[in-house]
Structure formats: structure tokens, C-alpha cells
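Working notes, structure below.
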Amino acid sequence: MEPPELEFEKFLGKGSYGSVSLFKYSEPRTTTLYTAVKTSDYKHALSLYKEFQILSQFKNCSRIVQCYENRVIENFDGEGDIEYMMLMEYASGGSLRTFMNRFKDKKLPEPLIKEFTRMLLEGLATIHGQGYVHCDLKPGNILVFPRCGDYKSGYELKISDFGLSKREGDSDWWQPNRPFAGTPIYMSPESVSHGETGKGLDLWSLGCVVLEMYTGKRPWWHKKYDLEDLKNCYEPLIPNDLPYDAKLFIMTCFASETEQRRDALTLLKHSFLREDVNKITKPLVKNENLKLKLEKIAGEFKIIKEQSRPLRPNLVPVHHCYLVPNLVFHS
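Just so you know, we're using this note's numbering here: the sequence shown kicks off at 6 and counts up by one.
Here's what the structure looks like:
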């Protein structure tokens with residue numbers, strides 16, 4: 006099968022095991038469009054094939070970047086060597102990292118943070134529902150797409166770069182005597198110390214991303230970074246001036262025990278993502294027992310207000326994607 010006609014536009018960046026460039030993409034009897042092409046050499050071909058196979062399981066999922074072709078394309082580069090190409094949809098908004106650079110101090114507005122957090126949780130619910138762990142969730146691997154219509158925000162997020170993804174529970178991902186296969190400052194204690202790859206890793210990384218959207222700074226910006234901090238179950242600094250419900254959400258993601266981080270579907274119901282939460286900023290609670298009591302009180306507060314305000318209902322699986330329908334509960 007002949008490869009489609011590709012006209013190079015510009016270099017976009019590097020991902021896991023390959024570079025990404027923008028091309029014009031056309032085939033006979035089709036409309037010309039833009040595509041992001043991830044290219045690998047022979048040494049990394051298996052990794053690119055693996056990423057393609059994973060992405061192929063998430064066709065039509067609105068929170069995961071999509072492939073255009075149903076195959077990895079083999080081609081010759083300018084020096085006559087074989088290269089391998091995967092054609093993906095192009096995010097004209099760039100990565101979340103570059104998107105944040107457009108805002109003052111790189112801090113996003115809180116309504117946008119909440120909307121983006123919902124989108125990321127929907128994506129993680131899809132990934133985890135198929136038995137995978139992304140393993141490298143960070144702003145650079147989250148793509149921003151402009152969208153039209155009557156939406157709360159003019160953008161949507163999609164998770165990309167599955168080159169490091171694993172089946173949940175895989176134990177051959179990282180070992181102490183080998184280089185990291187991820188981004189350490191976004192990794193959880195159990196993944197840093199002994200390479201555990203459960204969905205709790207992605208939820209910890211999500212907490213780092215949410216924190217970064219609020220502060221405009223990467224995790225551990227406040228001190229000289231030491232891997233022992235993560236191995237000892239310390240978490241990045243959470244500023245006291247963050248909204249109280251946001252701090253509770255991030256603290257849940259940073260729980261030392263993976264099961265206490267809950268799961269993506271449960272976190273979608275967190276008070277942080279509800280439109281009727283209180284806006285009071287309270288001091289960050291260090292005492293774990295007191296924190297749990299406050300969470301219980303916050304939960305009771307939600308139940309009281311459920312009678313009069315719209316709620317976000319449970320997620321509905323569509324084509325293996327978890328989407329939140331625009332519905333309102335009535336008593």
C-alpha cells in the first residue's frame with residue numbers, strides 16, 4: 006500500500022522514542038488536512054508499533070489523541086534509511102505546557118482548571134478501564150484542541166504520548182539500577198522506589214498537573230529536588246492560598262497509599278469538580294485524621310445542597326470512552 010502524500014510544514018517537538026512534525030496530509034478523493042506525524046528510526050520501531058497498538062484500542066475516544074491511519078507507515082528518510090511514521094490528529098493549541106505560557110505567571114483561571122481536570126479524569130477513566138496505565142502524564146503530554154459550540158471553555162484536552170504506557174501491574178517498567186522510564190518530578194513514591202505501575206501513578210501525576218495549573222510552577226519548584234523525597238512519600242508543596250476544595254482534591258491524589266487516591270470515576274464526583282462547592286480558603290491541614298473528618302463534613306455539605314443545584318451524574322461509557330452528559334437531577 007502506497008503511503009499518503011505528506012508535505013512537511015514544521016517540526017513540533019520530541020516525544021517518547023520519536024520526533025513529531027506537522028505535515029499536510031492528502032490522499033486521492035479526500036480533503037487536504039494537517040496531521041502530526043510521529044517518526045521513529047529502526048531502533049525505536051517496536052516502541053512506536055506498541056504505541057500505535059494502544060491508541061488503536063481508543064478509536065473515537067474524545068479524550069485521547071486519535072490516529073488517522075490504521076497502520077504504521079514504513080518509508081525512507083533523506084539518507085535512505087527506513088523510518089516509521091504514525092499519523093495523528095494535530096493539536097493547533099499545542100501542549101498544555103505551551104498553552105499555560107500564554108497566561109500571566111502561567112496560571113490558568115480556576116473555572117478552566119476545573120474543566121480541564123474533568124477532561125483529564127475522563128481520559129484516565131478510559132485508559133484505566135481498558136487495563137492500561139499511561140505512566141507519563143504531564144503538561145507536555147496533554148494536547149489542547151480549540152473547539153466550537155456552546156461550551157464552558159473554548160478548548161478541550163486530549164491525552165497523548167503512550168510510548169511508556171503499560172498494562173496495570175506490569176513489574177518490568179523500572180528498576181533502581183536502570184534509568185527512569187518517565188518524568189521523575191511527576192512520578193509517585195511507589196513508582197520511583199520500585200517501579201510499581203498501577204493507576205495510582207497516573208492519579209498522583211494528575212495531582213501534579215492540577216497543582217501546576219494553579220501555581221504556574223512545576224512540582225518541587227520550592228526546593229532542590231531529591232528523589233528521596235518521593236521515596237519517603239513526601240508530596241510537592243501545596244500553597245495555603247489555594248481554594249480549600251482544590252487542596253482536598255490534590256491531597257487525595259497525593260495520598261501515600263495508592264488505594265486512598267481512589268480512581269478516576271470516583272474523583273470525577275469530588276467536591277472540587279462540583280459547581281456548588283463553597284469558595285472558602287482554609288489553612289492546609291497536616292493532621293491526617295483531621296483531614297479525613299473535614300472531608301466527611303465536606304461530603305455531608307454536598308448532600309445537603311444536592312436538592313437545589315445541578316449535579317454531574319455518573320459517567321456513561323460510549324465507545325469505551327467515559328463522557329459526562331449534560332443532565333440535571335430532579336428530586
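Don't be surprised by glycine CBs; every beta carbon is placed ideally from N, CA and C.
Starting from L51, follow the alpha helix (DSSP H) in both directions and report where the run begins and ends. Walking along the sequence shown from the start, residue 51 turns up at place 46. Segment A50 to S61, the alpha helix (DSSP H) holding L51.
Who are the near neighbours of E311 in its chain, counting only those whose CB is closer than 6 Å to its CB and skipping five residues on each side? The count along the sequence shown starts at 1 and reaches residue 311 at position 306. Reliability of the predicted coordinates at E311 is poor, the pLDDT of 40 falling under 50, and the value obtained from them is presented with this limitation in mind. Excluding residues within five positions, none has a Cβ falling inside 6 Å.
Cβ neighbours of L92 in the same chain (closer than 6 Å, five flanking residues each side left out): For the purposes of this step, residue 92 is identified with residue 87 of the sequence shown, where counting begins at 1. The residues are T40, V42, Y73 and E74.
Here's a check: name, in chain order, each residue in its chain whose Cβ is nearer than 8 Å to the Cβ of K19, leaving out the five neighbours to either side. Taking the first residue of the sequence shown as position 1, residue 19 is located at position 14. If we look at K19 and ignore the five residues flanking it on each side, its Cβ neighbours are V25.
Per DSSP, what are the beta-bridge partners of V42 in this structure? By 1-based counting over the sequence shown, the position of residue 42 is 37. V42 is bridged to S26 and L92.
Alpha carbon to alpha carbon, how far is G136 from K64? Taking the first residue of the sequence shown as position 1, residue 136 is located at position 131. Taking the first residue of the sequence shown as position 1, residue 64 is located at position 59. Going by the C-alpha atoms only, they are around 16 Å apart.
Return the chain-ordered list of same chain residues with a C-beta closer than 6 Å to the C-beta of S210, the five sequence neighbours on each side being excluded. Within the sequence shown, numbered from 1, the residue matching residue 210 stands at position 205. Hits under 6 Å: L142 and Y191.
Helix, strand or coil, according to DSSP, for C213 in the structure here? On the sequence shown, position 208 is the one that residue 213 refers to. DSSP places C213 in helix when its eight states are reduced to three.
Report the three-state DSSP secondary structure of F277 (helix, strand or coil). Translated into positions along the sequence shown, residue 277 becomes position 272. Reduced to three states, the DSSP call for F277 is helix.
Where the alpha helix (DSSP H) through I118 begins and ends: Taking the sequence shown and counting its residues from 1, the one referred to as residue 118 is at position 113. Element bounds for I118: E115 to G134.
What does the Cβ neighbour count give for I309, buried or exposed, with the cut at 16 atoms within 10 Å? On the sequence shown, residue 309 is found 304 positions in, with the first residue counted as 1. Any answer about I309 is weak, because its pLDDT of 35 lies below 50 and its placement is not dependable; what the coordinates show is given next. The residue is exposed, with fewer than 16 neighbouring Cβ atoms inside 10 Å.
What number of angstroms, rounded off, separates the C-alpha of L60 from the C-alpha of K252? Locating residue 60 in the sequence shown gives position 55, where the first residue counts as 1. Locating residue 252 in the sequence shown gives position 247, where the first residue counts as 1. Rounded to whole angstroms, L60 to K252 spans 33 Å at the Cα level.
Per DSSP, what kind of secondary structure is K109 in: helix, strand or coil? Residue mapping note: residue 109 aligns to position 104 of the sequence shown, counting from 1. Three-state result, K109: helix.
Cβ neighbour criterion (16 or more within 10 Å) applied to G85: Position 80 of the sequence shown, counted from the first residue, corresponds to residue 85. By the neighbour-count rule (16 or more Cβ atoms within 10 Å), G85 is not buried but exposed.
G205 to S196 span [Cα, whole Å]: Your numbering for residue 205 matches position 200 in the sequence shown. Your numbering for residue 196 matches position 191 in the sequence shown. In a straight line, the C-alpha of G205 is about 9 Å away from that of S196.
Rounded to whole angstroms, what is the Cα-Cα separation between H49 and I78? As a position in the sequence shown, residue 49 is number 44, starting the count at 1. As a position in the sequence shown, residue 78 is number 73, starting the count at 1. Going from the Cα of H49 to the Cα of I78 covers about 14 Å.
Give the single residue among T37, V138 and E12 whose Cα lies nearest to the Cα of G168. Taking the sequence shown and counting its residues from 1, one reaches residue 168 at position 163. Considering only alpha carbons, the answer is V138.
Can you tell which of G23, R76 and K55 has the C-alpha that lies nearest to the C-alpha of P9? Locating residue 9 in the sequence shown gives position 4, counting from the first residue. Of G23, R76 and K55, the residue nearest in Cα terms is R76.
What is the rounded straight-line gap between the Cα of F277 and the Cα of E127? Position 272 of the sequence shown holds residue 277. Position 122 of the sequence shown holds residue 127. Those two C-alpha atoms are separated by around 15 Å.
Residues near I87 in its chain [Cβ-Cβ closer than 7 Å; skip 5 each side]: As a working note, residue 87 is residue 82 in the sequence shown. Y47, E79 and F81, listed in sequence order.
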